Amino acid sequence: MIKGKCSMKKEPDVNTLHLEEPLQQNTPKIRVGLFKYFTKPSTLGVLVLCGLLFVVLFLPPVIGMGDDGSTAAIITGSDLYNLGELTPKEAIAYFQKNWGIMEYYNDSDNGQITSQTPFLNAARNLDRAYTWDGLFDMRFYGAVIAIFYLIAMYFLFETVTYGKRARWSYVIVGLGVIIFGDTAYTAWINSFYPQALSFFLVMILGTSLILMGQEKLNDYLLIGCFFLSGLLLCLLNQQYALLGLFLGILGISLKYVSADKYYIRICVVGGSFLMLCSLTAFFIMPNGLTNLSAYHSMTRGVLMTAENPEQALKEFSINPQYAVLTGTSYYQAIAPETMDSQEMESAFFSKVNPTGVAIYYLANPGQLYEMLNRSVDSSFNIRPAWLGNYEITQGYPPGAQTSFFTLWSFLKANYLPGNFGFIIIWMGVIIGVYVRFFRKGIIEKNERNTLRFVGLMTWMFIGLWELYVAIITSGDADTLGHLFIFSLTFDLISFIILGKFIHWIEKQLRKVDWAARKQAFLNRNTNKQKQREQRGYRL
Amino acid sequence: MKRCIMIFFTLILVIVQMPMITATEVKNQEASTSSPRDVLVIYDQLAVDTVYRNNLSAVETLLSALSQTAEIVSMDDYRGGRLLAYQKVIVLKNTQNTINNPALIADCQNYSGAMVYIGFAAPELVPGLVVFPVNRQLGRTVSLNLNGLAMNSIWVDELRVIDAVSDSGEVTVGVGTASYPFAKTSGKLTYVPTFIGDPEFSLALGEVLKGWFGRINSAHMTLLIPDIYPFSDLNMVIRTADTFYANGIPFALGVVPIDDNMDYPAMARFYQVLRYVQSRNGTILIHRPSPATVSDSSSVLSEKMYAVIAKLVENGVYPLGLVTDDSLFFDAVDAVNPLNLFSSGIILPDTSIAAVGPKASWALSSVSLGVTLETVINSSSQNRNFGNYPINTTIVMELPENQEVLTAQLNTLNQKWLSLSNYQQLDNQWTIGQNTVVSSPAGIRVNGLPVPLVYDEEPISDAYAYQKPPEYSLEKIFTAGNAFLLTVVGIIIVVFIIIVLFSRRVYLNKFRKVVDQDNQSVKEKDTKEDKAP
């Protein structure tokens, strides 16, 4: 589309000059337009990412994420099944590329339909179109997700470069490739986890708002992207469902942005529909909380940070002797048979629920703060340490994670201060920098100008909400992928701010008259005597 | 410009690449085929979809329960010549499929040692089988009679029995009023035509194998309550201990090792309960750490067990044996694995299907086979007294949920007139780390010294610092530095105050001098005036 625009803009000049042979001139012009389009920073960044994804995800050694079994219900809903070639322990430690496609009628009643299902179905049909071997190659799903991921990255690069082609915008896009093309992020694309989807949905959600503020793309396209990604995000999992309420309210208030009649209708209808869907999903969808997460929400959360774990257990009316499990993980403390036993169910698991844990934390803010510290720290790892990246046939030790193109995640995990105090300062800086846009927009009654701030705040809200949900549902172990979203929103906001900062520096540098400075530097000795006199005079 | 950009991105890609983790070959854990074990087990197939699916696992468990080490190999994996290294061989044929391994058939012809043949007869493999006249019957309810005990109502789909008169004292299969021998020996070949891997058949085969291995020592029966965790219902444990003590029933508790938070008050309470159980004639046994919870390295397992056992002994709890399932005996045991340092243990009944592939087992010197309470209930004795099973057995009974269940279980045990042995009074010993624990009818000795098992209640303080203050490196230097700085600053402050005071004087003196001069001049004047006449 844009390619067409480029050539269209140039054509009048061509026609006025050479009216007799426009067709022969057209092809090289298009070629030039194509070249210009592909060397535009955002397009170039997406192309580099595309090559990177191809190498990492599709060529052997194929990189992906180990499967901890939590997605079984979702893939059953799409007529896929685990071939069972690996033991559960191996399945966590190694990536599994091949899955089975059910050949006959899927009569299992534990299948689950989420917003992942259409993507999975598309990938399955794609696989069937190429091979008919009853095997599902994860890479087809990876390909489907990768397409949307690249679109999201295009949006993101557009927001930071403002569509301009300048040297600094190539630098920003390069940084974006390093941050979001990091294998710690892209490895999720080759997995059935909801992270794969939330990865690009969260990105599109914020960037569509910011782009709308920048008036870079069509408003209807962007509002459509916003509502669609919001809808998919809140239908991803029961724990994401409540986000739909927030996004719905935000969507309705977007109607002030444009005076267009249809636009306002879309906002109101879309926002109400989103809220309705999120409420319905919250009550209809199974909560997907397993004993695993309930266990961790206590042992790696409430008990670990409590001054007296026995007292905390008494508040949940659980036998205080369970204090011995403080700090243990689900897989290493107790034999699986005992974990699944009726006794454990009635004495422990039936008494733990997210609401209870949430209330407990509100009553003990000190513990909540401690947990926030720990969760922020563990979220900065992006990849949980126990999930392996390689296939078992590659011969790596169990749980081995790739270090290819992981500069950003390495820096983030090792050098960023992983505590909530840092996040508070970071939030203060961001709000401080961006709130003036919001204030200006409100004062000028130009709601469109507030959207940049609103976009960032949407990300921040989603990130903080997921951080809290992660703590109350699974302690600092985060077996449900909430911390991933926090980590992602942190990177997104930081990246936008960084882009703005580079942009600002570039602007400051442009103001400087370098020739004059140089001359002044060269003349520094000749004027020395004078300066000395001046100095002496001043003194 | 464009080239610059391209070079920039390629550079980024090149720089960011970090060295990939080098691959390490996973060691192929094949059973060591170097040294022969006590017995070689050759099976044809697992027959997973048939009633014979548990057969291999049952035979393996039985061999472990008889303290025999074994090498297990399937007929397809069998390599020529292996058979001839053995004097005792068990052939398990779960299907009627033909044998395709010529090396095995050739070795069988040349084999001269003792052999137990279980399952479908294959005369092409063992020609001696033709002498046994087999009677095949479909869909029978049979009873197994062994050692004066009858185990009734066992459904067998396809029953094959040897048409012969059983000798007295032999295990028999009763079909209606007829009675057939469970196994028949001719020369060095013993044939067991029907075997199903359930507890009753296992016990019957146990009697046959016990005689075959020449173990004539009398068997004992013990009682085990497994899976006791620190967070189990400890009140119920105490109540059960009291009830059994009052009824003169010796029992054992299987404690699951937990190496986390061993210094918590909750753990101290747990040890206290275990000490109480010991004083009530209870024996403490320790479970094998679940393989699912231990990472693959045996050093982790070793550290875990050392820590747990040292802590138990320190708290006056003396575990005397190991509670495990059969798969442990097929795990590689080396110097760092402390589990083989126990002399005795209990094998829990395990319904999982045996793992495939050639493998070899090790054994504890004294083991008993776990049987459920249902098996005991199904066994009826001809006498008032229950008597005993042919091999060492342990009744595995879950911890009762409440008083009613406890009473019901107690009644069952009492009505059976079981003769239960006290596990403490059997010969057990182990040396792990600093500790050597030996038990015998004379009592328990730790490092050579007898220990009293009387219970003395120690108060457990709830005031425990759960949140440890973080440890800082170079803390001493910094404290010393702090103290030094404080002193210096203190001295400086004192000096400063002194200077301030002093300088105040100096400052005031400045004026005083003037005043003094004035005064002096005044005085001088005065004196002058005075002097002036």
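Here the protein sequences line up with chains G and S, keeping their order.
Position 512 (the first sequence) corresponds to 512 in our numbering; numbering is contiguous.
The number in our numbering is simply the position in the second sequence, starting from 1, with 539 added.
We put the CB at the ideal spot given by N, CA and C, even for glycine.
On a predicted model such as this, the values are computed, not experimentally measured, just so you know.
ask   = Does the beta-carbon distance from leucine 763 of chain S to isoleucine 629 of chain S come in below 8 Å?
value = no
ask   = Going by Cα to Cα distance, which pick from G/Asn308, G/Leu416 and G/Leu34 is closest to phenylalanine 380 of chain G?
value = G/Leu416
message = List, from N- to C-terminal side, the beta strand (DSSP E) runs of 3 residues or more that fit wholly inside the segment 119-204 of chain G.
response = 135-137
ask   = Of all the CB atoms in chain G, is at least one closer than 8 Å to the CB of lysine 566 of chain S?
value = Any answer about lysine 566 of chain S is weak, because its pLDDT of 34 lies below 50 and its placement is not dependable; what the coordinates show is given next. Closer than 8 Å: no.
message = Any C-beta of chain G within less than 7 Å: which residues of the segment 975-1006 of chain S qualify?
response = Tyr1005 and Gln1006
request  = Output the distance between the C-alpha atoms of lysine 528 of chain G and aspartate 513 of chain G, rounded to the nearest integer angstrom.
outcome  = 22 Å
request  = Check the Cβ-Cβ distances between threonine 393 of chain G and every residue of chain S, and say whether any is below 8 Å.
outcome  = no
task = With distances taken Cα to Cα, identify the nearest neighbour of glutamine 811 of chain S among S/Glu697, S/Phe881 and S/Glu853.
result = S/Glu853
query = Which residues share a DSSP beta bridge with tryptophan 969 of chain S?
reply = S/Val976
For leucine 209 of chain G and asparagine 446 of chain G, the rounded distance between their alpha carbons = 15 Å
Sequence-distant residues of the same chain with beta carbon closer than 6 Å to glutamate 569 of chain S, five excluded per side = Any reading at glutamate 569 of chain S is ruled out, since the residue's pLDDT is 40, under 50, leaving its predicted position unreliable.
inquiry  = With DSSP as the reference, identify every bridge partner of glutamine 676 of chain S, one or two as the case may be.
reply    = S/Leu698
Buried or exposed (CB count within 10 angstroms, at least 16 for buried), alanine 805 of chain S = buried
message = I need the straight-line Cα distance from phenylalanine 486 of chain G to leucine 467 of chain G, nearest angstrom please.
response = 6 Å
Identity of the residue in S/Gln968, S/Met614, S/Ser707 and S/Thr946 nearest asparagine 633 of chain S by Cα = S/Met614
request  = Using three-state DSSP, classify alanine 73 of chain G as helix, strand or coil.
outcome  = helix
key: Proximal residues, the segment 265-293 of chain G versus chain S, C-beta separation under 7 Å   = none
inquiry  = So for asparagine 986 of chain S, helix, strand or coil by DSSP?
reply    = coil
ask   = In angstroms, rounded to a whole number, what distance separates the CA positions of glutamine 964 of chain S and valine 578 of chain S?
value = 30 Å
query = Between asparagine 800 of chain S and chain G, is there a C-beta pair that is closer than 8 Å?
reply = yes
inquiry  = Judging by CA-CA distance, which residue of G/Asp137, G/Asn291, G/Trp426 and G/Ile471 is the nearest neighbour of asparagine 82 of chain G?
reply    = G/Asp137
query = Considering only residues of the same chain and omitting the five flanking positions on each side of asparagine 567 of chain S, which have a CB-CB separation below 6 Å?
reply = Low local confidence applies: a pLDDT of 36 at asparagine 567 of chain S is under 50, so the model's placement there is unreliable, and no value is given.
message = Pairs of beta-carbons, one from the segment 386-406 of chain G and one from the segment 350-363 of chain G, closer than 8 Å: are there three or more?
response = no
request  = For the alpha helix (DSSP H) holding aspartate 219 of chain G, just list the boundary residues, first then last.
outcome  = 219-234
task = Would you mind sorting tyrosine 361 of chain G into buried or exposed? The rule is 16 or more other CB atoms within 10 Å of its CB.
result = buried
inquiry  = Below 8 Å, how does it come out for the segment 715-735 of chain S and the segment 782-789 of chain S: are there three or more Cβ pairs, yes or no?
reply    = no
query = Would you say arginine 31 of chain G reaches chain S, if we count a Cβ-Cβ gap shorter than 8 Å as a contact?
reply = no
request  = Tell me, to the nearest whole angstrom, how far the beta carbon of alanine 294 of chain G is from that of serine 375 of chain G; I am working on the premise that it is less than 8 Å.
outcome  = The pair is not a contact, with the Cβ atoms about 17 Å apart (cut-off 8 Å).
C-beta contact flag for isoleucine 189 of chain G and leucine 135 of chain G at 8 Å = no
ask   = Nearest to leucine 908 of chain S by CA position, among S/Arg592, S/Gln626, S/Gly745 and S/Tyr803, is which residue?
value = S/Gly745
query = Buried or exposed: isoleucine 145 of chain G, going by 16 or more other Cβ atoms within 10 Å of its Cβ?
reply = buried
ask   = Does the ligand COA have even one heavy atom less than 7 Å from the beta-carbon of lysine 164 of chain G?
value = This structure lacks the ligand COA; in fact it carries no ligand of any kind.
task = Indicate the three-state DSSP secondary structure (helix, strand or coil) for histidine 296 of chain G in the structure shown.
result = helix
Nearest residue (CA-CA) to isoleucine 462 of chain G, options G/Gly271, G/Cys234, G/Asn449 and G/Glu345 = G/Cys234
inquiry  = Bridge partners for histidine 826 of chain S per DSSP, in chain order?
reply    = S/Val862
inquiry  = For a cutoff of 8 Å on Cβ pairs, would you count phenylalanine 770 of chain S as touching chain G?
reply    = yes
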